[in-house]
Amino acid sequence: MPGWRNVPLRDLLTQEFQVSCYIEKDANAAALGELKYGAGKDVNDLVYIMVDVGIGGGIIVNDDIYRGFLGGAGEIGHMMIDASGPPCNCGSNGCLEAVASGIVIEREVYREIGTNIRLEQLLQDGIGQHPFLHKSLVQAGQYLGIAVANLCNALNPPLVILGGKVVEGSDLYFEQAIERARQRILPDFAQRIQIVRAKLGGLSGAIGAATIVFQNTVYQTI
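Its first residue numbered -3, the sequence shown is counted upward by one per residue in this note's numbering.
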């Protein structure tokens, strides 16, 4: 939200509509949704990565969102993958978001054909209509796999869930990510840590958001 600093949005909404309001990062909400009702129902800890136009992440520890010291945990999209890589929106270079996100794929397609095509349309058309898309998806998926391996080696979660439009829309991207991750996760863990697609698809975030409201209202009165 460019230009937004120190805006008390929750308080403004509460005052305007006279209802309790909660604010959460979309990837955190999606991680919680998958934990409670999706691919993470059988674990207590997981890492969720959302690959859309950008890349976000959510970390669950002991059945709850891990937010970190200043509430910034889960910014997986800004993990550095290539120190000499392209600039990222955050001001750094070579972040995961700058090499593996949907916006990267869109830009590479534009450089190839000189026409802007939205990510959703590219994924819907597929490689059959856009053969040059194959290289972009393979490379971006492999970069995501490197990030997954880094997270697995650092945090050792039982489960990594990959979601978002790019993961949902491209088997090739998803498969490349898993293959590269397995190559780089420490051997003792490489085949034991699960890496799966989100089960709730595009509803992960909405279901997680509803869960947050439920936990803070209905659940506390039971």
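Each residue gets a CB set at the ideal place from its N, CA and C atoms; glycine is no exception.
C-alpha distance - residue i paired with residue j, whole-angstrom precision
i      : j      : result
Glu102 : Asn85  : 15 Å
Gln190 : Gln11  : 44 Å
Val105 : Gly73  : 21 Å
Tyr18  : Ile56  : 18 Å
Asn112 : Asn212 : 43 Å
Asn152 : Val43  : 10 Å
Ala194 : Gly87  : 30 Å
Pro154 : Leu196 : 19 Å
Asp167 : Ala143 : 18 Å
Asn2   : Phe185 : 42 Å
Ser16  : Trp0   : 22 Å
Leu225 : Gln117 : Any property of residue 225 remains undetermined from this structure, which presents the chain solely from -3 to 218.
Ile174 : Leu8   : 43 Å
Glu108 : Arg176 : 25 Å
Ala205 : Arg6   : 14 Å
Delimiting residues of the alpha helix (DSSP H) encompassing residue i
i      : result
Arg178 : Asp167 to Arg180
Gln138 : Leu129 to Leu151
Gln14  : First-last for Gln14: undefined, no H or E at that position.
Gln117 : Leu115 to Asp121
Sub-8 Å separation of residue i and residue j beta-carbons
i      : j      : result
Ile258 : Glu20  : Here the chain comprises residues numbered -3 to 218, so residue 258 is not present and cannot be evaluated.
Leu92  : Tyr139 : yes
Gly160 : Val47  : yes
Ala35  : Val192 : yes
Gly53  : Gly68  : no
Arg180 : Ala145 : yes
Ser80  : Gly90  : yes
Terminal residues of the beta strand (DSSP E) in which residue i lies
i      : result
Leu155 : Leu155 to Gly159
Nearest-angstrom Cβ-Cβ length linking residue i and residue j, presumed shorter than 8 Å
i      : j      : result
Leu28  : Ile51  : Not confirmed; about 18 Å, so no contact.
Gln172 : Gly141 : 6 Å
Gly165 : Leu119 : 3 Å
Gly98  : Val49  : 4 Å
Tyr169 : Gly137 : 4 Å
Val100 : Ile77  : At roughly 11 Å, the Cβ-Cβ gap does not stay under 8 Å, so Val100 and Ile77 are not in contact.
Asp41  : Asn58  : 7 Å
Self-check item: alpha helix (DSSP H) runs contained entirely in the stretch 21 to 107, provided each spans 4 or more residues
Solution: 22 to 33 and 92 to 96
To test your reading of the DSSP string, which unbroken alpha helix (DSSP H) runs of 4 or more residues are found completely within the stretch 179 to 207?
183 to 186
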